[in-house]
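**Q** Listed in order, the protein sequences are those of chains A and B. Residues in the first sequence are numbered from 1 upward in steps of one, following the working numbering. Residues in the second sequence are numbered from 1001 upward in steps of one, following the working numbering.
2 protein chains.
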Amino acid sequence: MVGVAVLGYGTVGSGVVEVIEQNNDVVSARAGEKLYVKHILDLREFPGDPYENKVVHDFNIILEDEDVQIICETMGGVKPAYDFTKAALLKGKSVCTSNKELVANHGPELLAIAKEKNCNYMFEASVGGGIPIIRTINNALTAEKIEGITGILNGTTNYILTKMDKEGADFAEVLAKAQELGYAERNPEADVEGYDACRKIAILSSLMTGKNVKYENIYTEGITKITADDFVYAKAAGMAVKIFGMSKNTENGTLAMVAPFMISADYPLYMVNDVFNGVFVRSNMLGDSMYYGRGAGKLPTASAVVGDVVECARNLGNNVPVFWDAEEAKLADISEVSRSYFVRAKAEAKADVLAAFPGGEEVVIEGRNDFGYFTLEMKEKDFAEKYAALGDKVFMRIRVEK
Amino acid sequence: MVGVAVLGYGTVGSGVVEVIEQNNDVVSARAGEKLYVKHILDLREFPGDPYENKVVHDFNIILEDEDVQIICETMGGVKPAYDFTKAALLKGKSVCTSNKELVANHGPELLAIAKEKNCNYMFEASVGGGIPIIRTINNALTAEKIEGITGILNGTTNYILTKMDKEGADFAEVLAKAQELGYAERNPEADVEGYDACRKIAILSSLMTGKNVKYENIYTEGITKITADDFVYAKAAGMAVKIFGMSKNTENGTLAMVAPFMISADYPLYMVNDVFNGVFVRSNMLGDSMYYGRGAGKLPTASAVVGDVVECARNLGNNVPVFWDAEEAKLADISEVSRSYFVRAKAEAKADVLAAFPGGEEVVIEGRNDFGYFTLEMKEKDFAEKYAALGDKVFMRIRVEK
Chain A
1 MVGVAVLGYG TVGSGVVEVI EQNNDVVSAR AGEKLYVKHI LDLREFPGDP
51 YENKVVHDFN IILEDEDVQI ICETMGGVKP AYDFTKAALL KGKSVCTSNK
101 ELVANHGPEL LAIAKEKNCN YMFEASVGGG IPIIRTINNA LTAEKIEGIT
151 GILNGTTNYI LTKMDKEGAD FAEVLAKAQE LGYAERNPEA DVEGYDACRK
201 IAILSSLMTG KNVKYENIYT EGITKITADD FVYAKAAGMA VKIFGMSKNT
251 ENGTLAMVAP FMISADYPLY MVNDVFNGVF VRSNMLGDSM YYGRGAGKLP
301 TASAVVGDVV ECARNLGNNV PVFWDAEEAK LADISEVSRS YFVRAKAEAK
351 ADVLAAFPGG EEVVIEGRND FGYFTLEMKE KDFAEKYAAL GDKVFMRIRV
401 EK
Chain B
1001 MVGVAVLGYG TVGSGVVEVI EQNNDVVSAR AGEKLYVKHI LDLREFPGDP
1051 YENKVVHDFN IILEDEDVQI ICETMGGVKP AYDFTKAALL KGKSVCTSNK
1101 ELVANHGPEL LAIAKEKNCN YMFEASVGGG IPIIRTINNA LTAEKIEGIT
1151 GILNGTTNYI LTKMDKEGAD FAEVLAKAQE LGYAERNPEA DVEGYDACRK
1201 IAILSSLMTG KNVKYENIYT EGITKITADD FVYAKAAGMA VKIFGMSKNT
1251 ENGTLAMVAP FMISADYPLY MVNDVFNGVF VRSNMLGDSM YYGRGAGKLP
1301 TASAVVGDVV ECARNLGNNV PVFWDAEEAK LADISEVSRS YFVRAKAEAK
1351 ADVLAAFPGG EEVVIEGRND FGYFTLEMKE KDFAEKYAAL GDKVFMRIRV
1401 EK
C-alpha cells in the first residue's frame, strides 16, 4: 500500500483523485502496489464530496504521516507550493506536480534535493498536459542529442488561432467566445501574451540542454496583435499561424523564444488544432519526431500527474535521473537569427516594402487595400530595423518557420 | 562500466554501435555508467571496419563474459535469435531487441524469464522504429486504460501510398521505384501484404490488453490491389488512403486488423507521409494522443535499441514491469463491425451499387467510366455479401475510418 496526498483540491487535484480511484485497478497493478489517496489538502471544506473526509487543512498532517510516500502538488503558484514541496522532498517523500510556475522557478534546486534524498520530483503535467513529453525526453530519447524542440504549448491560444483561421474572426471576438466557453480565463494575459508557453519552453529547454534556462530571459511575444486580415493572407499562401515555444541548440547558445509563426501545411505541427498541444523534437539520430495530445484539461493533466505517481511508486527509495543543473545555460541572441518574414502593408506602400525587402514573394488578393509579402531570409535585427523604418505603412509582421 | 554486446552486425546492429560510440557522452551520462561495446557477434569478418577486433563468431564468448551485462539482439528472425535471447536472459543479462518477429512469437515467455531473473527484455525498436511508443505505453500512459491503438506502422507501404497519392502513379510503378531507392526490399511481400504491420500491431495489442494477441489470428490485408484510380476518388473526396494496424478494446474482445483505410484530413494520422510512422492512441483519461517519427532506418531504429540499453543500465538487477501475459486475448469478430465503405464501380453499374447500398454518397468526377461511392455505415459481413454479389461490376472497396 502506498499512500498518496493531494495538495490543492481544485480542477487538477480533484482530477488526480478521480484518476487514482477510477483507474485504481490498472494504476495499482502498474505501480506494483495498491495506491490510495490518504489526504487532500485544501483551505476549503467540501461537504457532500465523496472524499470530504480525506480533506485536511494542515500540511504538517501530510508531512508527518509515514503512510504518505507520494505527494501530488496541484496547487499552482510558487507560494506556498515551494515550501511544501521542499519540506516533502527533504523528508524523502516524492512529489509529482502540474505546477509549471514552480518547476520553471525552482526546478534545479528541487531536483537536487530529490536526488540527495533518494526520492523523486516529477513534473510531466507541467508541460503539454497529458502528452508524455517530459518522460519522452528524460527516459526514452536517451540515446539522442536533442537539437531543437518546437511546441504548441498553450491550448487557449491554439484554440483562439484555430478559430480565427476557420471563422475569419478577429482576436477580440474569438477571445470573448473562448472566455464564455471556459477555454480562456477571465484574465487571459498569461495565455495570450505567451507567458504560460514561456514557462513551458523554459522547462523543455532546460531538459534539452541539461542546464538552467531562465524563463525571464526568453523573448516572448503573444498573439494579441494578430488580426483576421493576417489570416486572409496566411490562408491564401496555404499556411497557418501558430504560437510556438521554440528552443534550438546553436553554436552561440540556446536559441529560445515564444512567438507567433507562420508555417506551411507540411510542417508537422500544422495539424495541431483547437485546444490540442503538439511538441516537435529534432534530434541527431532519430531525426524528427512529434508528440500530440490534450495539453490541458482536468483529466489529461491529472493523468500525467498520476503517471508520475506510478513512476514514483515503482522507484521508492530510488532517484530516477533528471539532467537539469543549476548552472545557467547560455542563450543565443535572437536578433542574429536568419529567417523569412511575412509582412502585411498598406496597398499603396508596395513600392516601399519591395525596396526595403527586395527579392521576396508577394501574395496577391484582388480588391483589398492591403497586401501580403514574404521576405527572403534575413537576420532578425536587419529585418527589425527596416520594418521599423516603414512606420505606419506596415500593419503586421509574423516570422516564418520552415 | 557496462559492457554491451551486439548480435548481428547488419544495418541496425552497426547503427547501434555507431549510436553508442557517437553519442557516448550523453548515453553514458544518462545510463549512470560508462557504456561500451565489448563484442559484436556475426558470422562474417569485417576487415577494415573500425570495430573489426570486437567481432566474434561464437555466442558463448558473449554469454560467458561477465563484463557483458546488456545484449542488443539485432539479428532478426526467430532462429537463432530466440535461443540466444533465452540463454542470455537465463544468465540474468538484459536483452534489447529490434526483432519484431521474435517479440511477436515469444514475447510473453521471454518477458517472464526476464522477470524471474531480475533483468529486462526490452523491444522499443520492434515497433515504430525510433518512435518511443512502447515506452509510452509501458511507462508513461500508466494512469490510462487504453481503448484503442491505430498506427501507420510500416514505412515502405506508407511511402508507396504517399507517392501514389502525390504522383497519381499505380502501385507497381511506385513499388519498382521504391525498390530502386532502397525503400522497399526486392521481395516486398512482408511489407506490401501487411505482414510486417501485423507483427507490430500484435505487439501493441498485447501491451494494450496485457494478454497475448497472436499475430496469426489478426485479419491482414495489404495494399497491392489499390490503384491510381482509387486515389483519384480519395483525393476528390479530400481523403487519404493509409494502411493501418488497428486494435480496439470492444465488448466482444480485441478488434485487431491490418488493412488499407480511407481517412479524412482531420484524422490525426492524415499528415503522416512518406517513410514516417505514426501511432494514434485513444485512452480513457487523456483521450486522443499521437506519436510520430521515423519508423525505420538504421539510426532511428538503433536509437530506440540504445534507449533501451540506457533503461536496462539504469535498472541492472531490477525488472521494469511489462504487462503481457501468456494467456491468449479474446479477439473480436471483424465481420460484426459497422463502418462506411468506399466502393469504386463501373459507371454503368451505378444503379446496381445504389440498390445494394442505398443512402450513401456519390463522388462524381466528370468524364470517367467508373464512379466512386461511400456507403452508409453497415456491418462488415453485410457489406461483404452485397459487394461480392456485385461481381465484376465493382473494382475496389476500401474501409473508411473516422
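C-beta: ideal position from N, C-alpha, C; glycine also. Everything numeric in this text was worked out from a predicted model, so none of it was measured.
1. How long is the line joining the alpha carbons of P1268 (chain B) and E180 (chain A), rounded to whole angstroms?
2. Measuring alpha carbon to alpha carbon, tell me which of A:L376, A:K393 and A:A389 ends up nearest R399 (chain A).
3. Which runs of the alpha helix (DSSP H), 4 residues or longer, sit entirely within the region 1050 to 1078 of chain B?
4. When you measure from the CB of T250 (chain A) to every non-hydrogen atom of the ligand ATP, does any distance come out below 7 Å?
5. Is it the case that the Cβ atoms of I113 (chain A) and L90 (chain A) are separated by a distance below 8 Å?
6. Could you pull out every residue in the same chain whose Cβ sits closer than 6 Å to the Cβ of S1028 (chain B), ignoring the five residues on either side in sequence?
7. Touch check for the region 1284 to 1303 of chain B and the region 299 to 315 of chain A: three-plus C-beta pairs under 8 Å?
8. Return helix, strand or coil for T1220 (chain B), following the three-state DSSP convention.
9. Can you check the region 1090 to 1176 of chain B for any alpha helix (DSSP H) of at least 4 residues that lies completely inside it and give the ranges in chain order?
10. Under 8 Å, do L942 (chain B) and I1137 (chain B) count as touching if we go by C-beta distance?
11. Using a Cβ cut-off of 7 Å, which residues of the region 1123 to 1155 of chain B contact any Cβ in chain A, in chain order?
12. Where DSSP assigns a beta bridge to Y1292 (chain B), which residues make up the other side?
13. State yes or no: is the C-beta of L153 (chain A) within less than 8 Å of the C-beta of K214 (chain A)?
14. Which partner residues of Y373 (chain A) appear in the DSSP bridge assignment?
15. Starting from F244 (chain A), follow its DSSP beta bridges and name the residues at the other end.
16. Please list the partners that R1294 (chain B) has in chain A, where partner means a Cβ-to-Cβ separation under 9 Å.
17. DSSP three-state call for F1323 (chain B): helix, strand or coil?
18. Strictly below 9 Å CB to CB, what residues from chain A border A1302 (chain B)?
19. Grouping DSSP H, G and I as helix and E and B as strand, with all else coil, what is Y1270 (chain B)?
20. Measure the CB-CB distance between R294 (chain A) and V343 (chain A) and report whether it falls below 8 Å.
21. What would DSSP say about M1208 (chain B), mapped onto helix, strand or coil?
22. Helix, strand or coil for N1249 (chain B)? Go by DSSP, reduced to three states.
23. Give the DSSP bridge partners of R397 (chain A), in chain order.
24. In its own chain, which residues sit with a C-beta less than 6 Å from the C-beta of N369 (chain A), not counting the 5 before and 5 after it?
25. In the DSSP assignment, the beta strand (DSSP E) including I1040 (chain B) goes from what residue to what residue?
26. Pull up the CB-CB distance for G408 (chain A) and K54 (chain A), whole angstroms please, since I reckon it's below 8 Å.
27. So what's T85 (chain A) in DSSP terms, helix, strand or just coil?
28. Do T209 (chain A) and A403 (chain A) come within 8 Å of each other at the CB atom, strictly closer than that value?
29. If distances are taken between C-alpha atoms only, which option among A:Y195, A:A236, A:G360 and A:G222 comes closest to G168 (chain A)?
30. Going by beta carbon distance, what residues of the same chain come within less than 6 Å of M1075 (chain B), once the five residues before and after it are set aside?
31. Am I right that I1243 (chain B) and V1258 (chain B) are in contact with their C-beta atoms under 8 Å? What's the rounded C-beta distance?
32. Are there three or more Cβ pairs, one per stretch, closer than 8 Å when the region 156 to 165 of chain A is compared with the region 216 to 226 of chain A?
33. For V309 (chain A), name the three-state secondary structure that DSSP assigns.
34. Given a limit of 7 Å on CB to CB distance, which residues of the region 153 to 181 of chain A reach chain B?
35. Quick one: what does DSSP say T1227 (chain B) is sitting in, helix, strand or coil?
36. Run through chain A and tell me which residues come within less than 9 Å of E1073 (chain B), C-beta to C-beta.
**A** Taking the coordinates as given:
1. Here residue 1268 (chain B) corresponds to residue number 268 of the second sequence, with the count starting at 1. Here residue 180 (chain A) corresponds to residue number 180 of the first sequence, with the count starting at 1. Each residue's Cα considered, the two are about 27 Å apart.
2. Your numbering for residue 399 (chain A) matches position 399 in the first sequence. When only C-alpha atoms are compared, the closest one is A:L376.
3. 1059 to 1063
4. No copy of the ligand ATP occurs in the structure displayed, which carries no ligand at all.
5. Taking the first sequence and counting its residues from 1, the one referred to as residue 113 (chain A) is at position 113. Taking the first sequence and counting its residues from 1, the one referred to as residue 90 (chain A) is at position 90. Yes, the Cβ-Cβ distance between I113 (chain A) and L90 (chain A) is below 8 Å.
6. The count along the second sequence starts at 1 and reaches residue 1028 (chain B) at position 28. Contacts found: K1034 and L1035.
7. yes
8. If you number the second sequence from 1, residue 1220 (chain B) lands on position 220. Looking at T1220 (chain B) - three-state DSSP - the assignment turns out to be strand.
9. 1100 to 1116 and 1155 to 1167
10. Outside the shown range of chain B (1001 to 1402) lies residue 942 (chain B), about which nothing can therefore be said.
11. G1130, I1131, P1132, R1135, T1136, N1139, A1140, L1141, T1142, A1143, E1144 and K1145
12. Along the second sequence, read from residue 1 onward, the residue named residue 1292 (chain B) stands at position 292. The partner list for Y1292 (chain B) (beta bridge, DSSP) reads A:M290 and B:G1278.
13. To locate residue 153 (chain A), count along the first sequence from 1; it is residue 153. To locate residue 214 (chain A), count along the first sequence from 1; it is residue 214. Result no, Cβ atoms of L153 (chain A) and K214 (chain A) do not sit closer than 8 Å.
14. For the purposes of this step, residue 373 (chain A) is identified with residue 373 of the first sequence, where counting begins at 1. According to DSSP, Y373 (chain A) bridges with A:V343 and A:E362.
15. Walking along the first sequence from the start, residue 244 (chain A) turns up at place 244. For F244 (chain A), which the question treats as bridged, DSSP gives the partners A:A259.
16. Taking the second sequence and counting its residues from 1, one reaches residue 1294 (chain B) at position 294. Those are L286, G287, D288 and S289, listed as they occur along chain A.
17. In the second sequence, the residue the question calls residue 1323 (chain B) occupies position 323. Looking at F1323 (chain B) - three-state DSSP - the assignment turns out to be coil, as it is neither helix nor strand.
18. The count along the second sequence starts at 1 and reaches residue 1302 (chain B) at position 302. Chain A residues near A1302 (chain B): A143 and M285.
19. The residue you call residue 1270 (chain B) lines up with position 270 of the second sequence. Correct three-state label for Y1270 (chain B): coil.
20. On the first sequence, residue 294 (chain A) is found 294 positions in, with the first residue counted as 1. On the first sequence, residue 343 (chain A) is found 343 positions in, with the first residue counted as 1. No. Outside cutoff.
21. Within the second sequence, numbered from 1, the residue matching residue 1208 (chain B) stands at position 208. Helix at M1208 (chain B).
22. Position 249 of the second sequence, counted from the first residue, corresponds to residue 1249 (chain B). DSSP places N1249 (chain B) in strand when its eight states are reduced to three.
23. Reading the first sequence from its first residue, position 397 is the one you call residue 397 (chain A). According to DSSP, which records beta bridges pairwise, R397 (chain A) is partnered with A:V343.
24. In the first sequence, residue 369 (chain A) corresponds to position 369, counting from 1. Around N369 (chain A): A347.
25. Residue 1040 (chain B) sits at position 40 when you count from the first residue of the second sequence. Where I1040 (chain B) is concerned, the enclosing beta strand (DSSP E) stretches over L1035 to L1041.
26. Here chain A has residues from 1 to 402 only, and residue 408 (chain A) is not among them.
27. As a first step, residue 85 (chain A) is located in the first sequence; it is residue number 85 there, counting from the start. Helix at T85 (chain A).
28. One cannot answer for residue 403 (chain A) here, as it falls past the ends of chain A, which runs 1 to 402.
29. Position 168 of the first sequence holds residue 168 (chain A). The residue with the shortest Cα to Cα distance from G168 (chain A) is A:A236.
30. For the purposes of this step, residue 1075 (chain B) is taken as the residue at position 75 of the second sequence. These residues qualify, in order along the chain: L1007, G1008 and A1081.
31. Counting from 1 along the second sequence, the entry for residue 1243 (chain B) is found at position 243. Counting from 1 along the second sequence, the entry for residue 1258 (chain B) is found at position 258. About 7 Å; that satisfies the 8 Å criterion.
32. yes
33. Taking the first residue of the first sequence as 1, we reach residue 309 (chain A) at position 309. If DSSP states are grouped into helix, strand and coil, V309 (chain A) belongs with the helices.
34. none
35. To locate residue 1227 (chain B), count along the second sequence from 1; it is residue 227. Residue state, collapsed to three classes: coil.
36. Residue mapping note: residue 1073 (chain B) aligns to position 73 of the second sequence, counting from 1. None at all; the shortest Cβ gap to chain A is about 16 Å.
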